[in-house]
Amino acid sequence: MGKVIFLVDMNAFFISCETARNPELKGRPAAVAGDPKDRAGIVLTANYEARKYKVKTTMTIREAKQLCPEIVFVPPDREYYRYISGEVMKILSGYSPIIQQNSIDEAWLDMTGCDIAFGKPFEAAEKIMNDMINKLDMMCSIGISENKFLAKMASDMKKPLGITEVWQGDVKDKIWPLPVGAMYGIGKRTEKKLSDIAIHTIGDIAKSDRNLLIKTFGKYGEELYDLAYGIDNSPVDENPLRNSKSISRSTTLPNDIIDLEYAKRIVLELAEEVGAEARRSGYSGRTVSIAIKYNDFKSITRQKAISPTYLTKEIYETGCELLKKNWNLSRPVRLLGIGLGDLQKGLAKQVSFFDLSGKYDAKEEKIERVMDKIRQKYGDDKIKRAKTIHLHKS
Amino acid sequence: MKFTSSKNSLLEGILTVQKAVTGKTTLPILEGILINCKNNELTLTATDLDLGIETKIDCTVISNGAVVLNSRLFGEIIRKLPDMDIEIEVDSTYNTTIVCGKSKFNLIGQNPDEYPELPVINENVMYRIPQDLLRNMIRQVIFAVAQDETRPILTGVLFEVKDGILSMVALDAYRLALRSSNIGSKNDISAVIPGKTLSEVSKILLTSDDEVSITFTPNHILFTIGDTRVISRLLEGEYMNYRQIIPEEYKMRVKANTRALQESIERASLMANEGKTNLIKMDIKAGIMAITSNSQLGNVYEEVPIELEGDDIEIAFNSKYFLDVLKIIDCEEVYLELSSSVSPCIIKTVDEDGYVYLILPVRLIAH
Chain A
0 MGKVIFLVDM NAFFISCETA RNPELKGRPA AVAGDPKDRA GIVLTANYEA RKYKVKTTMT
60 IREAKQLCPE IVFVPPDREY YRYISGEVMK ILSGYSPIIQ QNSIDEAWLD MTGCDIAFGK
120 PFEAAEKIMN DMINKLDMMC SIGISENKFL AKMASDMKKP LGITEVWQGD VKDKIWPLPV
180 GAMYGIGKRT EKKLSDIAIH TIGDIAKSDR NLLIKTFGKY GEELYDLAYG IDNSPVDENP
240 LRNSKSISRS TTLPNDIIDL EYAKRIVLEL AEEVGAEARR SGYSGRTVSI AIKYNDFKSI
300 TRQKAISPTY LTKEIYETGC ELLKKNWNLS RPVRLLGIGL GDLQKGLAKQ VSFFDLSGKY
360 DAKEEKIERV MDKIRQKYGD DKIKRAKTIH LHKS
Chain B
0 MKFTSSKNSL LEGILTVQKA VTGKTTLPIL EGILINCKNN ELTLTATDLD LGIETKIDCT
60 VISNGAVVLN SRLFGEIIRK LPDMDIEIEV DSTYNTTIVC GKSKFNLIGQ NPDEYPELPV
120 INENVMYRIP QDLLRNMIRQ VIFAVAQDET RPILTGVLFE VKDGILSMVA LDAYRLALRS
180 SNIGSKNDIS AVIPGKTLSE VSKILLTSDD EVSITFTPNH ILFTIGDTRV ISRLLEGEYM
240 NYRQIIPEEY KMRVKANTRA LQESIERASL MANEGKTNLI KMDIKAGIMA ITSNSQLGNV
300 YEEVPIELEG DDIEIAFNSK YFLDVLKIID CEEVYLELSS SVSPCIIKTV DEDGYVYLIL
360 PVRLIAH
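Listed in order, the protein sequences are those of chains A and B. Numbering of the first sequence is given in numbering that gives the first Met the number 0, commencing with residue 0 and proceeding in unit increments. Numbering of the second sequence is given in numbering that gives the first Met the number 0, commencing with residue 0 and proceeding in unit increments.
So this is what it looks like as structure tokens:
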């Protein structure tokens, strides 16, 4: 029996939450925007009425006002959105016990075998959609497929209030014509790298040479190729980090290197991603590991135990220490990786006699949290540590 | 060499010296026990080069001589022999014959000349302490010695005598145990004894008022316990200034029933086994301490009735550190002295002031 996976995506979530508790906003162009008094504040979510005027997320308030003078701005209330998000998940858990929340406003449901209770997948999706409208006064789009990737792609096809089915057999017609940027999981960096090798649509990926992708992206290349054919075997998992012992990132370098300072900048960039994921998921780790692959394809991994952390800085510094200690600089390096392991929920630090404050860099934490927020609002490449700025030039 | 002995006194001697036989050694002869008959006395000796134990056995020596026998095998043989007199004879090539009742073993022995000699220490006794007291003092501090070798000095216990008071101190990075007792000695000393030595010594000590004699040399300590001598190397290096670590003042004081507190923490820690942190939280208010813990397994809420002097406080700990100490406190009630959620918690018994235990909390970083 084939799997049935839903991706339920709440439409224009923040502003819909606001509209649900303030009916005056209904039918009028409105948006949730960072501090409306500050003209440089930006639009976080605009409702569909405002979108008709081409108001978009990340626009400044001033720009939005120029496009749509009568637009109403509401300041964000994240706590309330989290509460509504919880209500959404409660409703969804009435349809399937296997749910993976992907973000504040979307979740995957494994609906395999649920047709006995709720009818055909499309009918079940209609029931969910009506439930959201009746119980929460919120709209959603639902993607239906046999795996998480296709369900996500399907949910993006029709908004708001869309129910879209994309099955394996539809990939060629419905997925291949899309630009690579529309592919779930592809960021700006990958998009750029793909366009460098003349790959612009998802179909291009499918028709490209698998080995070329692997050469360019490593293991991720293999994954891209599979996804382009609509193949995704990852399970719907309530807590994807629960069973994974580590968060790690690695990158194949454009050239083989023997420059420690350059390598450290790469490690910093990777540590930044690892740290951001740890902070986002609320985990801290007690082991930092590095992976080094030399140009003769021999590779080593080394690790060190540290006081629990999710801070980029601490991950980076431990990574550098390991790198210095274990890399014989006469051997050119092809790939570098860094990971945070031995994960635990939250951050708790045992105070020790040798560190009576329970070593904790509150200032660094503030800096990194602010950087996380900026990246979340404006995109990953909008703020960088000075050390990594020149990394991708030349 | 030839002697006869009762099974029990021989076995007792073997079990005593076996404590110094190391499981892993690069020197195979150290897997053996040196058996020496001289001047009508039988002495068993074992050492791992850091710790050496020798004991005299009540027996009838027929002829002098010595041999080294594998500790494990020799011990097993004697243990399994019937409860009768045992006769042991060693020939010039160290072949050893053990006869007991209708059993007869031939065991290949080793040349005793290859066995390392224990350091020679002139018994110039500095302290005499009732065995029971020393045994208790060791028991009450030994669990706090550092288990890892990051700071080797902390794998030992500080033995400090000043103004007639003996203080024994053990600490790892996160807790400290201090036990003091007036032994009325005028000799001052400060030395660090390996934790392993003390833990073996405490097994040899009896629950009696018989005294144990202690002698120090610059590098060694000698315990004389009845017919047994334990010689150990001392740890080199400066011990931490422990007095500086123990705060003299506190802002809140909690009085609780030892067993009630222990049992609640034991239950709470069932839910706290995530990672190695064993994290439990205490929410202390007038009259009630709420202990909570949650992990991906679920969560737990416990209440312990207490008396509180001072303000409410929330503080988190590794439950293991708390349980280690509560388990060895015999007193019915304990005091917890606190100052803030990131400063040390001092545990004292209500009826006795010779004991101070300190635990550092876990700092919870909230957003």
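Beta carbons: idealized from backbone N, C-alpha and C, even for Gly. What you are looking at is a predicted structure, and each value in this text was computed from that prediction instead of being measured.
Under a 10 Å Cβ-count criterion, serine 288(A) is classified as buried, with 16 or more other Cβ atoms of the shown protein chains found around its own Cβ.
Counting along the chain, isoleucine 305(B) sits inside no alpha helix (DSSP H); it lies in the beta strand (DSSP E) bounded by residues 297–308.
Rounded to whole angstroms, the separation of the alpha carbons of glutamate 351(B) and isoleucine 164(B) is 15 Å. For a Cβ distance threshold of 9 Å, residue set Val361, Arg362, Leu363, Ile364 of chain B lies close to lysine 348(A), ordered along the chain. For serine 184(B), the closest C-alpha among the options Val191(B), Glu159(B), Ala172(B) is that of Glu159(B). Burial state of proline 360(B) is buried, judged by a 10 Å Cβ sphere holding 16 or more other Cβ atoms. Identification of chain A residues near valine 89(B) by a Cβ-Cβ cut-off of 7 Å yields none; the smallest Cβ-Cβ distance measures about 51 Å. Taking one beta carbon from each stretch, the stretch 296–311 of chain B and the stretch 242–262 of chain B have 3 or more pairs nearer than 8 Å; the two touch. Look at the beta carbons and you see the stretch 46–53 of chain A not touching the stretch 73–88 of chain A: under three pairs across the two are nearer than 8 Å. At a beta-carbon threshold of 9 Å, the residues of chain B lying near tyrosine 359(A) are Arg362, Ile364, ordered along the chain. Within the same chain, Cβ atoms closer than 6 Å to the Cβ of leucine 193(A) are found at Val179, the five residues on either side in sequence being excluded. For proline 253(A), the three-state secondary structure derived from DSSP is strand. Using a Cβ-Cβ cut-off of 7 Å, serine 351(A) counts as an interface residue toward chain B, since at least one Cβ of chain B sits closer than that to its own. Nearest neighbour of lysine 284(B) by Cα position, chosen from Ala65(B), Gly22(B), Ile312(B), Gly51(B), turns out to be Ile312(B). Lysine 187(A): member of the alpha helix (DSSP H) spanning 187–195, first to last residue.
Separation of lysine 79(B) and valine 66(B) (C-alpha to C-alpha, rounded to the nearest whole angstrom) is 21 Å. Within the stretch 191–256 of chain B, the runs of beta strand (DSSP E) at least 3 residues long that lie entirely inside it are, in chain order, 210–215, 219–224, 227–232, 251–256. Below 8 Å, too few C-beta pairs join the stretch 142–159 of chain B and the stretch 78–94 of chain B to call them touching: fewer than three. Collapsing the DSSP output to three states places cysteine 139(A) in a strand. Put simply, the stretch 297–310 of chain A does not touch the stretch 258–269 of chain A. Fewer than three CB pairs are less than 8 Å apart. When DSSP states are grouped into helix, strand and coil, tyrosine 356(B) belongs to the strand group.
Secondary structure at glutamine 109(B): strand, using DSSP grouped into helix, strand and coil. Counting only Cβ-Cβ distances below 8 Å, glutamine 375(A) has no contacts in chain B at all, with the closest Cβ about 15 Å away. Around the beta carbon of glycine 100(B), fewer than 16 other beta carbons lie within 10 angstroms, which makes this residue exposed. Proline 129(B) has Glu210(B) as its beta-bridge partners, per DSSP. Taking 7 Å as the cut-off, the Cβ atoms of glycine 12(B) and threonine 54(B) count as close. DSSP lists no beta-bridge partner residue for tyrosine 93(B). Taking the Cα positions, methionine 0(B) is about 20 Å away from proline 115(B). Under the DSSP assignment, threonine 57(A) falls outside any alpha helix (DSSP H); it carries neither an H nor an E label. Under a criterion of Cβ atoms nearer than 9 Å, the residues of chain A adjacent to asparagine 317(B) are, in order, Gln349. Runs of the alpha helix (DSSP H) lying entirely within the stretch 144–214 of chain A, each at least 4 residues long, are 147–154, 187–195, 201–206 in chain order.
The three-state reading of DSSP puts phenylalanine 73(B) in helix, counting H, G and I together.
For serine 4(B), the secondary structure class from DSSP, reduced to helix, strand or coil, is strand. Any Cβ of chain A closer than 7 Å to the Cβ of tyrosine 173(B) would place that residue at the interface, and such an atom is present.
A residue is called buried when at least 16 other Cβ atoms come within 10 angstroms of its Cβ; glutamine 99(A) meets this threshold and is buried. Contact residues of the stretch 150–177 of chain B toward chain A are Leu170, Ala172, Tyr173, Leu175 (C-beta to C-beta distance below 8 Å).
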